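Below is one structure, written out as structure tokens; comments come after it.
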Amino acid sequence: MTNTSIRWGARLAVVLACAALPASGAIAADAAAPGDTVTGDTIVLGQTAAQSGPQAPIGASKWGLEAYIASVNARGGVAGKKLRLISYDDGYQPAQTTALDKKLVYEDRVFAIVGSIGSPTTAAVYKTLNDAHVPLLSMGSGSPIFYEPGLKYVFPSWPIYTTDGKTMGAFVKKHFAGQSTAVIYQDDGFGKPILQGIKSDLGKVDVEIPYVPSQVDFSSAVIKLKSSGIKVVMLATIATSGAQILNQMASLDYHPARILTASACGYGGIFSAIASLDGTYCTAFLPPPGSTDSHWTEFADGMAKYAPGHPADIYAAWGWLAGQITYAGLEKIKGPITRDAFVAQLETLRNLDTIAGKVTYTPQQHEGSCCQLLWQAKGGKWDIVPDSAFNGSAMK
Amino acid sequence: MQRHTIAISLIVLCALLPLVLQLIGERQVYWLFVVSEFFVFAIVAISLDLLMGRSGQISLGHSGFVALGAYAAAILNEQFGADLAIGMLAGGCLAGIASLILGFPATRLRGHYLGIVTLGFGIAVDQIALKWDSLTGGDQGVHLHKAVLLGLDVGTPVRMYYVALVALLVTVLLVWNLTGTRVGRAFAAIKDSEVAAAAMGVPIARTKVLAFICSAFLAGAAGAIYAFLAGFVAPEDFGIDSSLLFFAMVVIGGMGSIPGAIGGAIVVDAVKNAAATVSGLSLTILGGMIVLVVLFFPGGLKAWLRPRRAATGLVHEPDDAAIPQDA
Amino acid sequence: MTQYLLQISLAGLAQGSLFALTALGLVVIYNASSVVNFAHGAMGMAATYVAYVLITELHAPFALAFVGALLAAFVLGVVVQKALLGRLANAPLLTQIVVTLGLYMFLQGVLGMIFGYNPRPMANAITMAPVILGGLVLRPQDVVQLALLLILSAALAALFGATKLGLGMRAITENAYAARLMGIPVGNVLGTAWGIGVLLAAVAAILAAPTTSVTPNMMDTIVVYGFVAAILGGFGSMVGALVGGLVLGVVVNFIDAFLAPELAMSIVFGILLLVLYVRPDGLFGRMKVQKV
Amino acid sequence: MLEARQLTVRFGGLTAVNALDLDIPDTGVFALVGPNGAGKTTLINALSRVCSVAEGSIHLNGSDLLDLRPHEAVRAGIARSFQRAELFPTLSVTENLLVGLHGEMTTGLEGALRTRSTRAQERAARARCESLMRELDLWELRDCAPADLPYGHQKLLDVARALISRPKLLLLDEPFAGLTDAETPRLLACIAAAGQQCAVLMIEHHFKLLEGVAQRMTVMNFGRKIAEGTPAEMRADPEVIRCYLGTGRQKAAEPAPC
């Protein structure tokens, strides 16, 4: 046995050395990804969005993007070229996103990654994509890391999460001045910037309660707030946790002013999930579902026409927004459609009118949308709260 | 003899894969990544098999060890530019230390307690990685610098592929050798009969902890390679789900066999990728496969890969290395 | 402050009653068949989907849906014992654990495929307004939950203490082979034990559903705490599971309120590890003597 | 060599071994007989340090054994077999024997690296197993799984696994139980040969078997020693006859209730 394993090892080493040398010599490390210039008559776009697993609901963004692309193609496409979307399900797992984005870029040769969903998933790939000069547009996240200067190929389009917090903070300062406040926040790159935004506008909050998404029982958090006599509760939570907390509040006979973050109230079933929703505020950068805002009606019609069977909800609207921005950049390119030309044109966009309001990119600043407002739940639907718009940029 | 021929051909095939891909076209980046990732999974599967298949102890939190290894390597690399070799060593050791803390009370317990304690360990690693964001970057993870192995730049997909391949081969050899010597036999002995093993002079608790440490070390080292391969480490990648995938690899592979574990890794990886488009499909298939394997094909893939001896339940069969061939 | 502590403890007891129900089910199954059922939560979850379908699709009243789901849970338990575990009676412990884990994955996958992962709201059965007693908020559903736990515990005690079934179960726990020789229908008794165990998991899941919503992962957290409660209680002692569950509920709520809710499960496992260092058989457990 | 004094083992309220004295010299075969439940296996378990001793002392060549844990008994020179041949089903016959050498071998994790010393040690151990297997006619079966062996060979392997470590004291728990008449002589010869090298203490019911091989025997009942002497003496001892052998019409193997 001894001899065999030595023989084994020796053979192995020889084989590997022989194979590895030519192979690694032949392939030089290439920084920029292939497919820099669009040559055919199709511009292929890539997306990763969870269609399975607990985060599957927000993956519906895929259908909004599909609908927008179909509407562009119906109008004749961009510069005589059709758009095509390849969307993969990453299950909200960063490891999957890493693999699938390699597939998109190196196998499918997509021109840009557009409207991918999630903070941790996008965090896994944004640096690599930026290094490979692949544009990454309008990801479904407002995490501050994507807004850092120097990321030439990264174009976030949501208001940064800090803005979300500032919107709440400014509103509370104005309308609930002097009242005791509390924040329940998800203890990660989503909840913490919101908390930070709230504090930067409000000065301080009286109680801060972190949680993790796997937590299902929020009794003690709610009891704590109730016994401390907190009058205003801000929730930097995802949809499920937000619903659990609000339901818990109702069951404990506790009725403070409640303000939810945008990500927690976009889904269609919220009014049946939370019986006590009336009066609750929610930050938003999109018009409320079902509103008569012209952008929303255009989107809703587009969904009905090009993505039948998929509801025109907030998640789909995220995809629609990604489509709008991509189209605006592509449309302005004169000459060959290259990634650098695309990025250069995106950086000239000023006050682009989108479903999420005005979007601006400059060579120095890729913040995109800066502005938010508040909705309030009334009688089973959301109304825009007048005088709640927050227009200050959260960027330094 | 024939088995050796097959094994050598497979290795040659793996070693030549980058060239083949090169000839087909410049398509290697994605496929090399996928295969490299599979190599890393196979290492973890072998490490878990060493624990479950050989020493009869269960771990439902094995991705916790992988996570520790990955984070150790990633953080050392991000903050001090540490080499892949150092990352593997540090990752393996950190996982080993964790297994020591975990395994010590666990070995005094009945088998199922260990399952629950390791399950909790997997969850805790996740939670702590998420919480301790000054070190781990929280949910936004750690980005690594370019991979360097012993001063050699291995940052390209091809080179990283060879790193993963060699790591897998080395793991196979190490585990193969280990199971054919005193410690490996002691693992099997405590799995088969603790009382008899003790009577033969095998210290039960110490041997169980040793099996745990070996397994965790390999899983941690694999995690370090994974970190460099992906260039990014985040808590979401190491949840219960991925622990269960490793678990499925070992069970479907048949437990107690290296080719079985590798085969199990292939099957699970294939199912996971093929069934990804339908929510819940891969869980259904893998769960169903586990139940069917246990009920009707107790030898798993192992029995199928080695038809010459009848399978005798979910039990260890000695590999070639364990059978004397010196004479 | 006392009021605050009382309120937290109360919420802890309510939550702990879910852990205790889960743990009791685990212990009933373990005592009869020496198997730790890792599919416990998933089976309770599956039963909750039965209740959910009965309520939302067939518009059954809650009480009817509840009974229907429990019936389904019982049948599921019996079927799993007969079809899976019964065939593995002589297999190693590891094999039996493996098969329950396979079942866990399978059930979660199947229900995920049918219903998706979108959380589905489950209306609370008790819509009564909370009662306020000297500043202390008493939630009717908490009271019902605790009452149900006590009633079921008493029923279990009566069942195992005084009936033939309980006698058979204890005989099987001692020595299955001898029990068979003495004419106890081992298969039936084991099937019944599994049925009852899964039924208890279903009670816990359905009670939890209004808070967790109905999803394939709804029981993941609760069942892990159920495991911990069972271990703390010595895995085998019903009283241990009951007390372990309630105590754990209070502990978790105190961690939530005063330490770090985002690390609650890690802290609980740290405590468990410490307890096991000191008392390897749990707080209420007794060592089993191994025969040579 | 072995001296047990006032040895007492209790399980809860039950006293399984009660103030037992036992002296065993360096070599020879010694038998332990008694009805079921007399405490024979418990005594073996106590001597091999599997179960804890409530009172009394055990010394082997003057050194105290009571502090040893089960796995340390082998190194002290005490090896044992099991009533139902507790072999390792997933290891081959050779490997079963090799586990018997666990305490003697020293290879640790470096075995994974196949160092020179590892290989030398492995070779030496395998050579030792080979000679024993050849002696016991197990050589042809060396690569078999224990389950594939006839029961007689399994029991033989169980004894061989204990014997391979060259113990000072070999404890055998009913080595002949379940063996056919054809299988018995080989094992008997093996035990007799072992008795030349070391002390063998075995539990056995068959007086006939013992008469040929055992120098002395100890008769136990209710945890106490009731008699001690040569097999012939014991056959004539009235107390032994009353408790164990019964009147002549009963079969010797079936102890009478006592």
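Here the protein sequences come in this chain order: A, B, C and D.
Quick note: the first sequence uses the working numbering, first residue 734, plus one each step.
Quick note: the second sequence uses the working numbering, first residue 7, plus one each step.
Quick note: the third sequence uses the working numbering, first residue 14, plus one each step.
Quick note: the fourth sequence uses the working numbering, first residue 30, plus one each step.
Ideal placement from N, C-alpha and C gives every residue a C-beta, glycine not left out.
Source: prediction; values computed, not measured.
Against chain B, the CB of residue 174/C has no partner CB under 7 Å away; the residue lies outside that interface. In this structure, residue 118/C sits near residue 292/B, with a CB-CB distance shorter than 7 Å. Chain-order list of chain B residues neighbouring residue 103/D: 205, 206, 207, by C-beta distance under 8 Å. Residue 20/C sits buried, since 16 or more C-beta atoms from the chains shown fall within 10 Å of its C-beta. Just so you know, the alpha carbons of residue 65/C and residue 162/C end up roughly 22 Å apart. Taking every protein chain shown into account, the CB of residue 85/C has 16 or more other CB atoms within 10 angstroms, so this residue is buried.
By the neighbour-count criterion, in which 16 or more other beta carbons inside 10 Å mark a residue as buried, residue 117/D falls on the buried side. Contact between residue 257/C and residue 249/C is absent: CB atoms are separated by about 12 Å, not below the 8 Å threshold. Residues of the segment 929-963 of chain A that bring their beta carbon within less than 9 Å of a beta carbon in chain C comprise 942, 943, 944, 945, 947, 948, 949, 950, 951, 952, 953, 954, 955, 956, 957, 959, 960, 961, in sequence order. Of the residues assessed, residue 141/C falls on the exposed side of the cut-off, its CB having fewer than 16 other CB atoms within 10 angstroms.
Around the beta carbon of residue 259/B, 16 or more other beta carbons sit within 10 angstroms, so the residue counts as buried.
Comparing alpha-carbon positions, the option among 48/C, 265/C, 132/C lying closest to residue 277/C turns out to be 265/C. Here DSSP, grouped into helix, strand and coil, assigns residue 827/A to helix. Looking at the backbone, the Cα of residue 973/A and that of residue 224/C are separated by about 10 Å. Within chain C, the residues whose beta carbon sits less than 8 Å from that of residue 285/B are 125, 126, 129, 130, listed in sequence order. Of the other Cβ atoms in all chains shown, 16 or more fall within 10 Å of the Cβ of residue 796/A; this residue is therefore buried. A direct Cα-to-Cα measurement between residue 45/D and residue 244/D gives close to 26 Å. Looking at the DSSP output, residue 941/A shares a beta bridge with 916/A.
For residue 149/B, the neighbours in chain A by C-beta distance under 8 Å run, in chain order, 860. Each of 51/C, 44/C, 17/C was checked against the Cα of residue 232/C, and the nearest Cα belongs to 51/C. Ranked by how close their Cα comes to the Cα of residue 82/D, the residues 119/D, 59/D, 41/D have 41/D in first place.
Listed along chain B are 122, each with a C-beta nearer than 7 Å to that of residue 240/C.
Nearest C-alpha to residue 173/B among 83/B, 297/B, 235/B: 235/B. Among the CB atoms of chain A, one or more fall inside 7 Å of the CB of residue 39/B. Distances from the alpha-carbon of residue 246/B to those of 15/B, 17/B, 19/B, 131/B put 131/B closest.
In the structure shown, residue 255/D adopts extended strand secondary structure according to DSSP, grouped into three states.
DSSP places residue 959/A within a helical segment (H, G or I) once states are collapsed to three.
Within the segment 128-159 of chain B, the residues whose Cβ lies closer than 7 Å to any Cβ of chain A are, in chain order, 133, 136, 137, 144, 145, 146, 147, 149. Residue 951/A sits in coil when the DSSP states are folded into three classes, being neither helix nor strand. Around residue 80/D, the same chain offers 38, 71, 74 as residues with beta carbons nearer than 8 Å, after the five sequence neighbours per side are excluded.
Near chain B, meaning a CB-to-CB distance below 8 Å, the residues of the segment 63-83 of chain D are 77, 79.
About 20 Å separates the beta carbons of residue 160/C and residue 41/C, which is beyond the 8 Å limit, so they are not a contact pair. Along the segment 108-169 of chain C, the alpha helix (DSSP H) does not occur as any fully enclosed run of 4 or more residues.
About 4 Å separates the CB atoms of residue 239/B and residue 80/B; that is less than 8 Å, so the two are in contact. In this structure, the straight-line span from the alpha carbon of residue 136/B to that of residue 105/D is close to 51 Å. Here DSSP, grouped into helix, strand and coil, assigns residue 247/D to strand.
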